[in-house]
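> Sending over a structure as structure tokens; questions will come in a sec.
2 protein chains.
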Amino acid sequence: MGKLFSISNYNEIKEFFHKKGLKCTPQRQAVLKVLQESKSYLSINKIHKNVKELLPETGLATVYRSLETLVELNLVVKVHLEDGCHSYAIAPEGHRHPIVCTDCNSVIEYTECPMEDLSKQISEQTGVQINTHFLQLFGKCKECQA
Amino acid sequence: MGKLFSISNYNEIKEFFHKKGLKCTPQRQAVLKVLQESKSYLSINKIHKNVKELLPETGLATVYRSLETLVELNLVVKVHLEDGCHSYAIAPEGHRHPIVCTDCNSVIEYTECPMEDLSKQISEQTGVQINTHFLQLFGKCKECQA
DNA sequence: CTCTAATTGAGAAAGTTTCTCAATTGTATA
DNA sequence: TATACAATTGAGAAACTTTCTCAATTAGAG
Numbered sequence: 000m001g002k003l004f005s006i007s008n009y010n011e012i013k014e015f016f017h018k019k020g021l022k023c024t025p026q027r028q029a030v031l032k033v034l035q036e037s038k039s040y041l042s043i044n045k046i047h048k049n050v051k052e053l054l055p056e057t058g059l060a061t062v063y064r065s066l067e068t069l070v071e072l073n074l075v076v077k078v079h080l081e082d083g084c085h086s087y088a089i090a091p092e093g094h095r096h097p098i099v100c101t102d103c104n105s106v107i108e109y110t111e112c113p114m115e116d117l118s119k120q121i122s123e124q125t126g127v128q129i130n131t132h133f134l135q136l137f138g139k140c141k142e143c144q145a
Numbered sequence: 000m001g002k003l004f005s006i007s008n009y010n011e012i013k014e015f016f017h018k019k020g021l022k023c024t025p026q027r028q029a030v031l032k033v034l035q036e037s038k039s040y041l042s043i044n045k046i047h048k049n050v051k052e053l054l055p056e057t058g059l060a061t062v063y064r065s066l067e068t069l070v071e072l073n074l075v076v077k078v079h080l081e082d083g084c085h086s087y088a089i090a091p092e093g094h095r096h097p098i099v100c101t102d103c104n105s106v107i108e109y110t111e112c113p114m115e116d117l118s119k120q121i122s123e124q125t126g127v128q129i130n131t132h133f134l135q136l137f138g139k140c141k142e143c144q145a
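Each protein sequence line maps, in turn, to chains P and F.
Numbering follows numbering that gives the first Met the number 0, in which position 112 of the first sequence is assigned residue number 111; successive positions increment by one, without gaps.
Numbering follows numbering that gives the first Met the number 0, in which position 80 of the second sequence is assigned residue number 79; successive positions increment by one, without gaps.
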């Protein structure tokens with residue numbers, strides 16, 4: 000089956016899959032599309048629900064499998080919310096950190112990262128070589144402050 | 000039942016519970032003690048296993064309930080590991096960030112926090128008022144770099 | 001168009017977390 | 001120190017989440 004949805008960068012996405020010997024299936028496309036069109040983090044169930052509007056037969060297991068694949072390809076990121084639940088979001092281009100509004104749950108991407116400087120500082124102080132970091136900010140967005 | 004374990008700051012802990020109308024039960028003490036004596040993050044099952052060495056009859060549900068209570072009291076923190084699983088650790092005094100060694104799973108506490116400055120900067124740039132943040136660092140500790 | 005290996009759907013299975021309820025137990029008060 | 005009461009517990013059921021299995025389907029290479 001060919002291109003099912005009008006994913007903007009379809010050919011690029013297809014390449015991503017093929018380079019790893021993976022098929023560009025409608026299910027994977029649908030999961031990606033659902034996340035691309037959402038501006039906030041989505042839970043597995045919400046993703047499944049939205050995907051079924053595009054492809055009604057899609058099983059939950061496939062959603063799990065697709066998300067796993069997409070995370071491996073760095074097209075999607077798995078995030079942790081305050082209550083400990085997992086959600087998924089389209090991977091931001093470049094290195095960014097999400098600010099989650101605790102009132103309306105919307106997400107603002109923050110593009111500057113304080114870690115570059117900090118990593119060096121930490122290495123010097125503790126001897127630990129920092130490889131990755133996980134930074135998530137919680138607060139109130141402009142609208143919700145009213 | 001009185002004091003079961005030699006928790007260093009027993010009376011202080013007891014006060015913590017009583018102030019909220021909570022009982023200072025051996026099970027809660029045991030969960031706290033297990034975390035206090037561990038230098039790394041522990042999964043629920045590991046905590047349950049260790050607690051049973053002190054109090055063999057302790058049920059898993061009680062471990063869940065105790066952890067929930069201890070997190071509410073800010074005596075314990077819930078953390079997210081890279082694979083998306085939850086673990087728990089004794090809450091560090093003051094404001095600190097954990098550095099988790101991805102090889103040996105040990106934890107180094109980092110005491111400096113870049114967020115104070117950053118929060119102001121973010122507020123100015125995005126209008127979002129940052130309330131909390133979640134920062135976790137992953138890397139290789141001195142020993143594991145050899 | 002055909003072939004093949006990757007992928008899927010469905011349901012089972014495994015694992016995690018919460019709930020229910022009778023029995024127990026800290027702790028305040030007498 | 002004994003009593004009463006509300007909070008807590010253990011055990012298992014229930015709910016929920018995630019992974020696994022396998023026959024059927026399908027994307028993509030030739």
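For every residue, glycine included, the Cβ atom is placed at its ideal position computed from N, Cα and C.
Computed from a prediction, not measured in an experiment: that's the story for all the values here.
Do residue 133 of chain F and residue 135 of chain P count as a contact pair if the criterion is CB distance below 9 angstroms?
Yes, the pair counts as a contact, with Cβ atoms nearer than the cut-off.
> Anything in chain F within Cβ reach of residue 113 of chain P, meaning under 7 angstroms, just list it in chain order.
Residues of chain F passing the Cβ test: 113 and 117.
> When the Cα of residue 131 of chain F is compared with those of F:137, F:117, F:138 and F:144, which residue comes out closest?
Residue 131 of chain F has its Cα closest to that of F:117, out of F:137, F:117, F:138 and F:144.
> Between residue 76 of chain P and chain F, is there a C-beta pair that is closer than 9 angstroms?
With 9 angstroms as the cut-off, residue 76 of chain P does not count as an interface residue toward chain F.
> Check each candidate in F:44, F:77 and F:140 and name the one with the smallest Cα separation from residue 100 of chain F.
For the residues F:44, F:77 and F:140, the minimum Cα distance to residue 100 of chain F belongs to F:140.
> Counting only C-beta atoms, is residue 100 of chain F closer than 9 angstroms to chain P at any point?
So yes, residue 100 of chain F belongs to the interface.
> Could you check the C-alpha separation between residue 50 of chain F and residue 59 of chain F for me, to the nearest Å?
Roughly 10 angstroms separates the two Cα atoms.
> Counting C-beta neighbours from all protein chains within 10 Å, is the total for residue 55 of chain P 16 or more, i.e. buried, or is it exposed?
By the neighbour-count rule (16 or more Cβ atoms within 10 Å), residue 55 of chain P is not buried but exposed.
> Could you tell me which residues DSSP puts in a beta bridge with residue 77 of chain P?
Note: residue 77 of chain P sits in a beta bridge opposite P:87.
> Give the single residue among P:19, P:37, P:124 and P:43 whose Cα lies nearest to the Cα of residue 89 of chain P.
Of the listed residues, the one whose Cα sits closest to residue 89 of chain P is P:37.
> Which residues bound the alpha helix (DSSP H) around residue 59 of chain P?
Run containing residue 59 of chain P: 59-71, per the alpha helix (DSSP H) assignment.
> Under 9 angstroms between the Cβ atoms of residue 66 of chain P and residue 43 of chain P?
Contact flag set, yes.
> Taking the alpha carbon of residue 86 of chain P as the reference point, which residue from P:29, P:25, P:138 and P:45 has its own alpha carbon closest?
Selected option, being the one with the closest Cα: P:45.
> Contact check, residue 97 of chain F vs residue 70 of chain F under 8 angstroms by CB: the rounded distance?
Rounded, the Cβ-Cβ distance is 15 angstroms, inconsistent with contact.
> Please confirm whether residue 125 of chain P has its beta-carbon closer than 9 angstroms to some beta-carbon of chain F.
Taking Cβ atoms only, chain F reaches closer than 9 angstroms to residue 125 of chain P, which makes this a yes.
> Buried or exposed for residue 124 of chain F, going by 16 or more other Cβ atoms inside 10 Å?
Classification of residue 124 of chain F: exposed, given that the 10 Å Cβ count is below 16.
> Taking Cβ positions only, does residue 121 of chain P come closer than 9 angstroms to chain F?
Answer yes: the Cβ-Cβ gap between residue 121 of chain P and chain F drops below 9 angstroms somewhere.
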